[in-house]
Amino acid sequence: MLKKKLVDYLENQTAFFDPDNVSDIFTAKRMAEEFGIKRNTVSHYLSQLNEQEIIVKINTRPVYFLHKEAFENQFYFLSKTIYNSLEELKKEKPLFYKKNDFFSLLIGNSASLSRSIEQLKTAIYYPDNGLPVLLTGESGTGKSYMVKIIYQFCLANDLIEEDVPLVTLNCAQYANNPELLTSQLFGHVKGAYTGADENRKGAFEESDGGILFLDEVHRLNAEGQEKLFTYLDQGIIYRMGESNNPRKVTTRLFFATTEDLSSSFLTTFIRRIPVQIELPALISRTQNERLEMVYDFLIKEQRKIKNPLLVSGQVLHLLKNGIYKGNIGELKNVIKVTVANAFSLQREESEVKIAIHHLSPDFLSHAVLNTSAVVEESVRVDESTTVENLIVQKNPDQQRIIQTYEKLLVEFSTHRSDLTGAEESMKQEVDNLFDFLIFETDREQKQELLLFMTQYVRDTLKQMEASYQITFNGNTVYAISYYLFQRSSVRWQPESTGLIRLIKEFKEKVAQTYATQFQYIERILILIQPKLDIEVSDMDKILLTLYLNRLGVSRESISAKAIIVAHGYATASSIANVANNMLGKNIFESFDMPLDTTPQKIAEEIVDYSEKNDISNGLVILVDMGSLKEIYEYFPQQLTAPIMIMNNVTTPLALAVGENIQKELSLSDVAVRSASYLKQDWKLIYPQENKTKALLTTCFTGIGTAKQISQLLEESLPAASHLKVVPYDYETLHNHKKKETVFSLYDVVGIIGTANPAIDDIPYLSLEELISGKGTQNLSDWLKKVMTPEENEQFNNRMIRNFSLKKVIDSVTILDSDKVMSEVELFMRIFEELTEQQIANEGKLALYIHISCLIERLIRNETIENYSWERFTNQCQKEQLKKIKEAFSVIEKNYSVKIPDSELAYIHDIIFQKLDVSITEEEF
2 MLKKKLVDYL ENQTAFFDPD NVSDIFTAKR MAEEFGIKRN TVSHYLSQLN EQEIIVKINT
62 RPVYFLHKEA FENQFYFLSK TIYNSLEELK KEKPLFYKKN DFFSLLIGNS ASLSRSIEQL
122 KTAIYYPDNG LPVLLTGESG TGKSYMVKII YQFCLANDLI EEDVPLVTLN CAQYANNPEL
182 LTSQLFGHVK GAYTGADENR KGAFEESDGG ILFLDEVHRL NAEGQEKLFT YLDQGIIYRM
242 GESNNPRKVT TRLFFATTED LSSSFLTTFI RRIPVQIELP ALISRTQNER LEMVYDFLIK
302 EQRKIKNPLL VSGQVLHLLK NGIYKGNIGE LKNVIKVTVA NAFSLQREES EVKIAIHHLS
362 PDFLSHAVLN TSAVVEESVR VDESTTVENL IVQKNPDQQR IIQTYEKLLV EFSTHRSDLT
422 GAEESMKQEV DNLFDFLIFE TDREQKQELL LFMTQYVRDT LKQMEASYQI TFNGNTVYAI
482 SYYLFQRSSV RWQPESTGLI RLIKEFKEKV AQTYATQFQY IERILILIQP KLDIEVSDMD
542 KILLTLYLNR LGVSRESISA KAIIVAHGYA TASSIANVAN NMLGKNIFES FDMPLDTTPQ
602 KIAEEIVDYS EKNDISNGLV ILVDMGSLKE IYEYFPQQLT APIMIMNNVT TPLALAVGEN
662 IQKELSLSDV AVRSASYLKQ DWKLIYPQEN KTKALLTTCF TGIGTAKQIS QLLEESLPAA
722 SHLKVVPYDY ETLHNHKKKE TVFSLYDVVG IIGTANPAID DIPYLSLEEL ISGKGTQNLS
782 DWLKKVMTPE ENEQFNNRMI RNFSLKKVID SVTILDSDKV MSEVELFMRI FEELTEQQIA
842 NEGKLALYIH ISCLIERLIR NETIENYSWE RFTNQCQKEQ LKKIKEAFSV IEKNYSVKIP
902 DSELAYIHDI IFQKLDVSIT EEEF
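Quick note: the sequence shown uses the numbering used here, first residue 2, plus one each step.
Below, the structure written as structure tokens:
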């Protein structure tokens with residue numbers, strides 16, 4: 002019993018061991034005081050535990066004792082159990098030692114649990130004793146274990162004092178006894194209830210300064226939950242039986258439940274717990290995490306039975322993919338029973354072999370055996386095995402990359418002043434890595450990804466070869482591809498300041514020693530990184546530079562570089578693409594510039610290009626505008642390469658320049674010969690046969706309404722229709738007739754609009770005829786030549802929908818159509834009352850559309866200026882205009898506008914049928 006207490010004591014304390022400032026809590030004297038026993042008794046038990054390799058002994062003065070497994074979990078692997086000094090212990094620390102916090106002990110800490118750990122750290126580090134946390138999840142997902150890890154984390158990071166406790170209270174035990182629950186939580190004073198013979202602290206006071214964990218908190222009824230409100234709100238409690246003595250408590254609160262939050266808790270309770278974290282079920286964890294858990298439990302069982310375990314791959318596969326209703330807890334028990342079964346049958350054997358028949362029948366009855374799945378490799382577990390070792394065996398390619406990093410860094414650390422002393426050994430190490438990656442790794446499972454990477458690396462190297470006039474060795478594509486393929490799964494991030502400094506120094510030395518190769522590799526990785534979605538590290542640059550230096554790069558004969566700079570979307574790209582294809586080589590790079598780009602900005606782009614490409618033999622710049630010829634004024638003085646700029650770039654000019662560059666002519670000869678090839682010629686040709694059928698839309702007041710009518714017509718056309726709907730200016734059509742260009746380009750089947758331009762042989766249909774339905778048949782007759790009967794019928798059906806009066810008004814004005822139509826209706830009613838005349842239906846339709854647009858034009862202060870009204874000379878006409886003006890006064894008042902005489906005249910002609918059609922609004 003005492004021996005187990007000593008083991009537990011050291012296991013808890015070892016996590017806080019500091020070799021530079023060792024506390025006396027690790028001495029036999031302090032442990033004797035802690036447990037109230039003789040020192041020689043403690044020393045006797047400690048010696049036995051050391052012989053059993055459970056604890057480590059450090060023969061200093063005084064002698065220190067550590068828990069071996071706890072030390073290795075928290076720090077690093079120990080090769081023995083007796084050390085003669087602290088310095089000897091420190092020498093076991095690897096160069097690449099990464100100190101873990103307690104959360105790193107959790108399997109899945111960087112994957113399925115990473116978000117949960119972030120939330121927990123947020124709650125833990127929050128000022129004033131942290132934030133309350135509610136852990137949810139199925140039974141067996143590790144909620145209680147997580148709270149223990151939180152407790153150790155808080156101790157290790159000095160968030161709580163080292164002597165404060167973790168108090169756990171299972172609420173299920175008191176769910177049906179509110180009085181007892183209150184006493185357990187808050188304590189009681191003497192006489193608080195029958196049997197309360199003395200004052201007693203509750204869980205809150207017991208955990209003061211530490212952590213209080215309320216498990217199965219869903220078993221608290223509403224009254225029980227409400228009893229926690231005072232502490233959650235004010236940080237105080239009252240013992241049972243006292244109401245005037247509040248007690249300040251500073252415990253950190255953690256809750257756990259397996260139930261749905263919406264069904265078992267008061268909303269007022271949940272609102273008081275700001276951090277709610279769901280731990281994933283085992284089935285939701287990744288395949289690798291489940292396998293790591295299997296490894297971990299097997300290692301723990303091996304430590305108990307002492308004999309090595311040889312576990313078959315099929316057993317590992319079944320354990321990893323099993324269905325566990327009890328989650329991690331059930332997996333742990335299944336492994337415990339399996340090892341026990343195997344051990345009971347092989348007690349006298351030197352190692353215990355675990356096969357399928359050692360699994361329990363109940364487990365096998367629910368096991369899922371996928372015969373097509375990849376079965377795990379068998380593993381051997383002994384006293385030196387760790388989860389990390391087994392993971393390395395499973396992923397040798399990733400570990401090999403990490404080992405190469407470490408070996409290169411060790412070599413550099415011993416040859417910092419001069420890399421040449423370690424050059425051969427580092428080259429050999431890099432060679433060995435690439436041989437291993439290319440010839441010894443399994444690539445079948447991710448063949449598509451590897452092919453994608455290889456193709457993209459190949460394209461990138463071709464781009465580099467064109468930019469720098471170099472040729473890479475043929476193996477370079479595959480070497481870089483295979484390295485990045487395997488490297489994408491490697492998680493290696495140095496955290497110690499010393500190691501980060503060493504890597505930075507190594508990179509700078511490599512960049513200095515192999516400057517050209519380092520420049521190439523940096524450029525390659527910059528181009529590759531966004532496409533392959535990888536994080537590039539300094540070790541990538543170092544390793545690939547060393548590889549490229551060993552492989553070598555040859556330079557081609559150099560010639561001038563050339564770029565095309567043009568405004569607009571893809572203008573330069575299109576010319577460069579055609580020219581490069583026809584020349585059979587990538588001569589031109591392209592720069593597509595927005596129209597508002599300044600010459601200075603373009604110059605900056607060209608300077609950036611010159612820094613990334615070898616232009617020592619000259620640079621030809623083809624530009625699309627004469628103003629760009631002056632961009633050289635913005636080039637920095639240190640740009641020493643010769644530059645030749647030619648304007649008015651075209652594809653023929655690019656071809657001529659490219660051909661002359663390939664001949665390796667001087668820049669002046671390239672310019673003279675290229676310019677002499679070009680002659681300007683032009684001819685305008687209109688189609689004579691098979692013109693596209695077109696329907697024109699027009700409007701007396703401008704192109705705006707014509708476009709809106711055009712849009713409604715296009716929405717009515719069948720998807721397969723080849724008919725073009727073209728909006729056109731009324732004045733242009735009326736003045737030029739068939740001489741207008743549109744009649745050369747299209748076979749015009751008819752015109753729809755608000756005024757008839759009167760063009761011979763071209764039928765016309767007014768907008769109100771279309772709305773009223775009178776012109777529908779005429780339009781159908783026009784379109785018989787371009788539509789099948791079915792398409793024509795479909796077009797007519799859509800027209801009925803799209804050319805309703807409200808839809809047309811919605812299309813031609815931004816005003817509220819319902820309100821506008823009401824105003825127009827009121828205008829027409831007042832006018833009819835004043836004149837005792839009825840407005841014809843066609844006139845009403847025209848007025849609805851015209852006045853809707855008229856109101857918007859008046860609001861914008863845009864009126865018809867070219868409509869004659871001086872011709873209204875007789876008294877009758879003047880009286881009619883006066884009554885129109887009077888009827889329109891309602892609209893003038895409601896919209897704060899004033900109708901001019903030209904608009905009154907136009908409305909007059911609509912009402913008294915002096916026009917062929919009505920009129921709509923100006924363009925908006």
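A virtual CB, placed ideally from N, CA and C, is assigned to each residue, including glycine.
Just so we're clear, the structure is a prediction, and the values are computed from it rather than from any experiment.
**Request:** Return helix, strand or coil for Val250, following the three-state DSSP convention.
**Result:** Numbered from its first residue, the sequence shown carries residue 250 at position 249. In the three-state DSSP reduction, Val250 falls in the coil class, being neither helix nor strand.
**Item:** Tyr484 classed as buried or exposed, judged by whether at least 16 other C-beta atoms fall within 10 angstroms
**Value:** For the purposes of this step, residue 484 is identified with residue 483 of the sequence shown, where counting begins at 1. By the 10 Å Cβ count, Tyr484 comes out buried.
**Prompt:** What are the uninterrupted segments assigned as beta strand (DSSP E) that are 3 or more residues long and contained completely in the region 521–571, given in chain order?
**Reply:** Runs found: 554–556, 562–568.
**Item:** Option nearest Thr142 by Cα separation, candidates Ala173, Ala257, Glu35
**Value:** Walking along the sequence shown from the start, residue 142 turns up at place 141. Minimum Cα distance to Thr142 is reached at Ala257.
**Asked** Ends of the alpha helix (DSSP H) at His723?
**Response** Counting from one through the sequence shown, the residue named residue 723 turns up at place 722. Where His723 is concerned, there is no enclosing alpha helix (DSSP H), given that its DSSP letter is neither H nor E.
**Item:** Given 8 Å, three or more beta-carbon pairs between the region 267–276 and the region 84–92
**Value:** no
**Request:** Could you check which residue in Glu843, Glu826, Asn842 has the C-alpha nearest to that of Ala888?
**Result:** Here residue 888 corresponds to residue number 887 of the sequence shown, with the count starting at 1. Residue Glu826 is the option with its Cα nearest to Ala888.
**Item:** Lys333, buried or exposed, once every other Cβ within 10 Å from all chains shown has been counted against 16
**Value:** The residue you call residue 333 lines up with position 332 of the sequence shown. So Lys333 ends up on the buried side.
**Request:** Taking all protein chains shown into account, decide if Leu656 is buried (16 or more other Cβ within 10 angstroms of its Cβ) or exposed.
**Result:** To locate residue 656, count along the sequence shown from 1; it is residue 655. That one is buried.
**Message:** Does the structure place the region 277–287 close enough to the region 299–313 that three or more beta carbon pairs sit under 8 Å?
**Reply:** no
**Request:** Would you kindly work out how many angstroms separate the C-alpha atoms of Ser773 and Gln709, rounded to a whole number?
**Result:** Here residue 773 corresponds to residue number 772 of the sequence shown, with the count starting at 1. Here residue 709 corresponds to residue number 708 of the sequence shown, with the count starting at 1. Distance between the alpha carbons of Ser773 and Gln709: 18 Å.
**Anticipated Cβ contact below 8 Å, Val57 with Tyr84, distance rounded** = For the purposes of this step, residue 57 is identified with residue 56 of the sequence shown, where counting begins at 1. For the purposes of this step, residue 84 is identified with residue 83 of the sequence shown, where counting begins at 1. Between Tyr84 and Val57 the Cβ distance is about 7 Å, and since that is below 8 Å, they are a contact.
**Item:** Option nearest Ile38 by Cα separation, candidates Ala223, Tyr325, Glu715, Leu3
**Value:** Translated into positions along the sequence shown, residue 38 becomes position 37. For the residues Ala223, Tyr325, Glu715, Leu3, the minimum Cα distance to Ile38 belongs to Leu3.
**Request:** Using three-state DSSP, classify Phe187 as helix, strand or coil.
**Result:** On the sequence shown, residue 187 is found 186 positions in, with the first residue counted as 1. Looking at Phe187 - three-state DSSP - the assignment turns out to be helix.
**Message:** Looking only at its chain, what residues have a beta carbon closer than 7 Å to the beta carbon of Val478, apart from the 5 residues adjacent to it on each side?
**Reply:** Here the question's residue 478 lines up with position 477 in the sequence shown. Excluding residues within five positions, the ones whose Cβ falls inside 7 Å are Thr455, Val458, Arg459, Leu462.
**Request:** State the start and end residues of the unbroken beta strand (DSSP E) segment that holds Gln277.
**Result:** Walking along the sequence shown from the start, residue 277 turns up at place 276. Taken as a continuous stretch (DSSP letters only), the beta strand (DSSP E) holding Gln277 covers 276–279.
**Request:** Below 6 Å CB to CB, which residues in the same chain sit around Met32 once its five sequence neighbours on both sides are set aside?
**Result:** As a working note, residue 32 is residue 31 in the sequence shown. So the list reads Val43, once near-sequence residues are dropped.
**Prompt:** Buried or exposed: which applies to Arg253, given that a residue is buried once 16 or more other Cβ atoms fall within 10 Å of its Cβ?
**Reply:** For the purposes of this step, residue 253 is taken as residue 252 along the sequence shown, with counting starting at 1. Buried.
**Request:** Could you spell out the range, first to last residue, of the beta strand (DSSP E) harbouring Asn308?
**Result:** Walking along the sequence shown from the start, residue 308 turns up at place 307. It is not in any beta strand (DSSP E) - Asn308 carries neither H nor E in the DSSP assignment.
**Message:** Can you find the residues in the same chain that come closer than 7 Å, C-beta to C-beta, to Glu331, ignoring five residues on each side of it along the sequence?
**Reply:** Here residue 331 is taken as the residue at index 330 of the sequence shown, counted from 1. Gly141, Tyr325, listed in sequence order.
**Asked** Just to confirm, are Thr183 and Asp209 a CB contact at a threshold of 8 Å?
**Response** In the sequence shown, residue 183 corresponds to position 182, counting from 1. In the sequence shown, residue 209 corresponds to position 208, counting from 1. No, these two residues do not count as a Cβ contact at 8 Å.
**Request:** Pull up the distance between the alpha-carbon of Ser919 and that of Ile900, whole angstroms please.
**Result:** Indexing the sequence shown from 1 puts residue 919 at position 918. Indexing the sequence shown from 1 puts residue 900 at position 899. Confidence is the limiting factor: at Ser919 the pLDDT is only 35, short of 50, which leaves the residue's position unreliable, though a coordinate-based value still follows. If I take the Cα positions, the gap works out to 17 Å.
**Item:** Inter-residue spacing [alpha-carbon to alpha-carbon] between Lys845 and Ile852
**Value:** Indexing the sequence shown from 1 puts residue 845 at position 844. Indexing the sequence shown from 1 puts residue 852 at position 851. When rounded, the distance between both Cα atoms is 10 Å.
**Nonlocal neighbours in the same chain, by C-beta distance under 6 Å from Arg201, ignoring five residues either side** = Within the sequence shown, numbered from 1, the residue matching residue 201 stands at position 200. So the qualifying residues of the chain are Gly188, His189.
**Prompt:** When you compare only the Cα positions, how much space is there between Glu290 and Glu119?
**Reply:** The residue given as residue 290 occupies position 289 in the sequence shown. The residue given as residue 119 occupies position 118 in the sequence shown. When rounded, the distance between both Cα atoms is 18 Å.
**Distance, Ala124 Cα to Gly131 Cα** = The count along the sequence shown starts at 1 and reaches residue 131 at position 130. The count along the sequence shown starts at 1 and reaches residue 124 at position 123. Looking at the two C-alpha atoms, the distance is approximately 5 Å.
**Request:** Would you list the one or two residues that DSSP bridges to Gly751?
**Result:** Along the sequence shown, read from residue 1 onward, the residue named residue 751 stands at position 750. Note: Gly751 sits in a beta bridge opposite Leu696.
**Message:** Please tell me whether Arg861 has its Cβ less than 8 Å away from any Cβ of chain C.
**Reply:** Annotation note: the requested chain C is absent from the structure, which comprises a single protein chain.
**Message:** My output table needs one value for Asn691: the three-state DSSP class, helix, strand or coil.
**Reply:** Mapped onto the sequence shown, residue 691 falls at position 690. Judged by DSSP in its simplified three-state form, Asn691 adopts coil rather than helix or strand.
**Prompt:** Among Gln315, Met645, Gln487, which one has its Cα closest to the Cα of Lys354?
**Reply:** To locate residue 354, count along the sequence shown from 1; it is residue 353. Comparing Cα-Cα distances from Lys354 to each of Gln315, Met645, Gln487, the minimum goes to Gln315.
**Request:** Quick one: using the 10 Å Cβ neighbour count with 16 as the cut-off for buried, is Thr921 buried or exposed?
**Result:** Reading the sequence shown from its first residue, position 920 is the one you call residue 921. Annotation note: pLDDT 34 at Thr921 (below 50); position unreliable, coordinate value reported separately. Its Cβ being crowded by 16 or more others within 10 Å, Thr921 is buried.
**Asked** Can you tell me the Cα-Cα spacing of Val340 and Tyr521, whole angstroms?
**Response** What you label residue 340 is simply residue 339 of the sequence shown in a count that begins at 1. What you label residue 521 is simply residue 520 of the sequence shown in a count that begins at 1. Their Cα atoms are separated by approximately 55 Å.
**Message:** Starting from Asn158, trace the alpha helix (DSSP H) in both directions and tell me its first and last residue.
**Reply:** The residue given as residue 158 occupies position 157 in the sequence shown. Here Asn158 belongs to no alpha helix (DSSP H), and DSSP marks it neither H nor E.
**Asked** So what does Tyr65 bridge to, in DSSP terms?
**Response** Counted from its first residue, the sequence shown places residue 65 at position 64. Its beta-bridge partners are Ile59.
**Asked** Ordered along the chain, which non-local residues of its own chain (more than five positions away) have a Cβ less than 8 Å from that of Ser373?
**Response** Here residue 373 refers to the residue found at position 372 when the sequence shown is read from its first residue. Because Ser373 carries a pLDDT of 49, less than 50, the predicted location of this residue cannot be relied on, and the following value inherits that uncertainty. Excluding positions up to five away in sequence, the list is empty.
**Prompt:** Are the beta-carbon atoms of Ala1 and Leu620 separated by less than 8 Å?
**Reply:** In the structure displayed, the chain extends from 2 to 925; residue 1 sits before or after that span and is not available.
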